[in-house]
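Asks: First, the structure itself, so that you have it in front of you.
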Amino acid sequence: MLDNLVLNLRVAYARLWVRVKGGNREPEWLVAEMFIPVLTLSAYVFMYRMLHAPPEFTGFVVIGGTMIAFWVNVLWNMSAQFYWEKETGNLEIYLVAPISRMAILLGMALGGFVNTTLRAVAILAAGILIFQVPFSLSEPVTALLMFFLTIVALYALGMLFASLFLLYGREAWHTANLFQEPVYFLSGSYFPTSSLPFFLQLLASFIPLTFGLDGIRQVVILNKGIADVWLNVLVLVVFIFVLLPLSKVALNYMENLGKKEGRLTLRWQ
Amino acid sequence: MAVSTILKAVKQAIWVGWKVETNWADPLVFAIYYLIRPLAGLLIVGFIYLIGSGATGVFNPNYFAFMFIGNSFFIYVVQIMTTMGMLIHDDRSHYEVLKHIYLAPSSLWWYILGRALNGVVNASISLLLTLGFGVAIFQGLLHQQIPINWFSVNFPVLALSLVLGMICFVALGFLLCGINIMTSRVQFMLSEYVSGILYLFGGVVFLPEILPSWGQAISNALPITYFLRTIRFAFLNQAGSAFQTDLLYLAVTTLATILVGVGAFKIAMYKARKDGLIDRKEEY
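Order-wise, the sequence lines are chains A and B. If you count by my numbering, then the first sequence holds residues 59 to 327, one letter each, in order. If you count by my numbering, then the second sequence holds residues 24 to 307, one letter each, in order.
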């Protein structure tokens, strides 16, 4: 039992190391991942300025743009990772090794978190410096708690999506593509979701990022505390407790299905 | 090269592009896919407008129409840049067919042009769906007035702007192909860079006049700025707008983009052949 735990922790560390090393070895990638989100984010800030909206809306956009970095990382460097591994021939090596798939995904998640945090800090700093965002933070621990829970819930969702890539190729690729802008919209990355119609709010409530973003903004921009965001905390905890076991079940199911259909090592799907 | 050979190559490339883009889904799923992303983008800016205006209590339907048209027609930029930005990587490293295309009797130029035209077709489908659903959602469901008379669109100006715009964006795509021939490290980010810069400085969702002076200078040098101005003229019938001047600037900036894009691709192909890059495979 202990040996197994140590083995899987070593697996997670090994995958984390590859992710951190690989993610930062090329400066052009690093610069792009910091610079490109600032372009879109700036366009939306200018839109609010054109509308003469209050300055806190600029803060909403900057926080949303920063958190989007994590969502993009979850989609492409976590969920879609099995697609890359399949294409490069690594997936079969993972599958025959006496290790847990969840340990590999945990390593990817932790490595992705380290890399994306570096980029997110840069995006946040750029947003604050360029647009003079008015932050008002009195409970930093609550802000950190909200951030931490959001990240864990997002990466748990990423683990769930990863199971799809065990079986599917281009369909899953396009699905990941499909989950970008619609999630930016539904989760209220650039505006508060409380302004959305009820039906859309209902849809948005299936995305952990919605609750995370809302909570972080309330604490960081609107100077609210744990008493105001406890519901967000609770929902995120529920997401984590549902998504993590579900992703394990989904991974096992898809792996077995992939074996039966002979699609685990199929390239160029 | 005979015209018939060129036309055949372009036609086949469009067909290949269509097959590659669509063969993972049935037509309905494909249409939904080509609708959802741009529609979500439109909904983001639409709700920014509604929420931002709601906060100040000032609703300006003309600005909504400005933003609605700008964001919708930006689909062409995103689609063409995505298609052409990934083309070389996909065919060289992923499907490993670039060397075969290079060896074919036709030229790689016409193949790339055909794939780009497929991107234009896909973007057009996406645009029509987005406009239709965008009007249905904002005007029909959310009762946001969009002051566009769809029956009095100036079609000659629209057609001319679209033709010039497509030529310009495809030329820009050739520049991306040229860069991607030389390196295997930037294909995933190149189209995002170009789209992001054009989105911010091209007057897509806000007037470039509110940018700092250096940003306005960049905006004035970009063909997308004039493309969207002439497109808006065709839809919004702004009286007194100097659309002839905008059209002229669009033509001039398009010509400049052709010279840069085609020139860079030609140099890149020469160097790629010389340095043996045409079949270089890297796992990215």
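Virtual Cβ for every residue (Gly too), placed ideally from N, Cα, C. No experiment lies behind these values; they were computed from the predicted model shown.
Spell out a yes or no on whether the segment 272–283 of chain A and the segment 130–146 of chain A are touching, meaning 3 or more CB-CB pairs, one atom from each, closer than 8 Å.
Replies: These segments do not touch.
Asks: Mind reading off the beta-carbon distance from Ser245/A to Leu267/A? Whole number of angstroms is fine, and I expect it under 8 Å.
Replies: Indeed they touch by this definition, with Cβ atoms about 4 Å apart.
Asks: Using C-beta distances below 8 Å, list every residue in its chain close to Tyr152/A, excluding the 5 sequence neighbours before and after it, in chain order.
Replies: Excluding positions up to five away in sequence, the list reads Glu143, Arg159, Ile162.
Asks: Does DSSP put Thr208/A in a helix, in a strand, or in coil?
Replies: Three-state DSSP puts Thr208/A in a helix.
Asks: Just mark Tyr311/A as buried or exposed, buried being the case when its beta carbon has 16 or more other beta carbons within 10 Å.
Replies: That one is exposed.
Asks: In this structure, how does DSSP classify Asn260/B when only helix, strand and coil are distinguished?
Replies: Coil at Asn260/B, not helix or strand.
Asks: In angstroms, rounded to a whole number, what distance separates the CA positions of Tyr134/B and Ile71/B?
Replies: If I take the Cα positions, the gap works out to 40 Å.
Asks: Which residues in chain C sit within 7 Å of Ser242/B, going by Cβ to Cβ distance?
Replies: Protein chains in the displayed structure are A and B, and chain C is not among them.
Asks: Beta carbon of Ile59/B, beta carbon of Arg255/B: below 7 Å?
Replies: No, these two residues do not count as a Cβ contact at 7 Å.
Asks: Quick check on this structure: which residue in Leu67/A, Val191/A, Met136/A has the alpha carbon closest to the alpha carbon of Pro156/A?
Replies: Nearest C-alpha to Pro156/A: Leu67/A.
Asks: What separation, rounded to the nearest whole angstrom, lies between the Cα atoms of Thr280/B and Met104/B?
Replies: Answer to the nearest angstrom: the Cα atoms are 14 Å apart.
Asks: Please say whether Tyr57/B and Ser175/B have beta carbons closer to each other than 7 Å?
Replies: Not a contact, by the Cβ cut-off of 7 Å.
Asks: Do you know offhand how far Leu63/A's Cα is from Leu164/A's?
Replies: Cα to Cα, the separation comes out at about 13 Å.
Asks: Where do the ends of the alpha helix (DSSP H) carrying Val291/A lie?
Replies: Residues 284–319.
Asks: Just by C-beta distance, which residues in the segment 88–102 of chain A are closer than 7 Å to chain B?
Replies: If the cut-off is 7 Å between Cβ atoms, the segment 88–102 of chain A has Ala90, Ile94, Leu97, Thr98, Ser100, Ala101, Tyr102 near chain B.
Asks: Taking a Cβ distance cut-off of 8 Å, strictly less, list which residues of the segment 258–280 of chain A are near chain B, in chain order.
Replies: So nothing in the stretch comes that close.
Asks: Leaving out five residues before and five after Leu65/B in sequence, what residues of the same chain have Cβ atoms less than 8 Å from its Cβ?
Replies: Excluding residues within five positions, the ones whose Cβ falls inside 8 Å are Phe91, Asn94, Ser95, Thr153, Gly157.
Asks: What runs of the alpha helix (DSSP H), each 4 residues or longer, lie entirely inside the segment 131–200 of chain B?
Replies: Within the segment 131–200 of chain B, the complete alpha helix (DSSP H) runs of at least 4 residues are 131–158.
Asks: Do you know offhand how far Ala262/A's Cα is from Val241/A's?
Replies: Spanning the two alpha carbons is a distance of roughly 8 Å.
Asks: Taking Val209/B as the query, report the chain A residues whose CB atoms sit under 7 Å from its CB, ordered along the chain.
Replies: Neighbours of Val209/B on chain A, chain order: Glu86.
Asks: Please confirm if the segment 253–260 of chain A is in contact with the segment 125–141 of chain A, defined as three or more CB-CB distances below 8 Å between the two stretches.
Replies: Touching, no, given that fewer than three Cβ pairs across the two stretches are closer than 8 Å.
Asks: Could you tell me if Pro112/A is buried or exposed, where buried requires 16 or more neighbouring beta carbons within 10 angstroms of its beta carbon?
Replies: Result: exposed.
Asks: For a cutoff of 7 Å on Cβ pairs, would you count Pro240/A as touching chain B?
Replies: By this cut-off, Pro240/A is an interface position.
Asks: Report the start-end ranges of each alpha helix (DSSP H) in the segment 222–284 of chain B that is 4 residues or longer and not cut off at the edges.
Replies: Fully enclosed alpha helix (DSSP H) runs of 4 or longer: 236–244, 246–259.
Asks: Can you have a look at Phe337/B and say buried or exposed, based on whether 16 or more other CB atoms are within 10 angstroms of its CB?
Replies: A query on residue 337/B cannot be resolved here, the shown segment of chain B reaching from 24 to 307 and no further.
Asks: Pull up the distance between the alpha-carbon of Phe249/A and that of Phe118/A, whole angstroms please.
Replies: Each residue's alpha carbon lies about 6 Å from the other.
Asks: Would you say Asn54/B lies against chain A (beta-carbon separation less than 7 Å)?
Replies: Contrary to the premise, residue 54/B reads as Ala rather than Asn in this sequence. False, the Cβ-Cβ gap to chain A never drops below 7 Å.
Asks: Where does Pro50/B fall in DSSP's three states?
Replies: If DSSP states are grouped into helix, strand and coil, Pro50/B belongs with the helices.
Asks: Less than 6 Å between the CB of Ile135/B and some heavy atom of the ligand SAM, yes or no?
Replies: Judged by which ligands are present, the structure shown has none, so any question about the ligand SAM falls away.
Asks: Would you kindly report the start and end of the unbroken alpha helix (DSSP H) that includes Ser27/B?
Replies: Unbroken alpha helix (DSSP H) run through Ser27/B: 26–45.
Asks: Closer than 9 Å by beta-carbon distance: list the chain A residues that pair up with Ile67/B, in chain order.
Replies: The answer, in chain order, is Tyr102, Glu239, Tyr242, Phe243, Ser247, Tyr248, Phe249.
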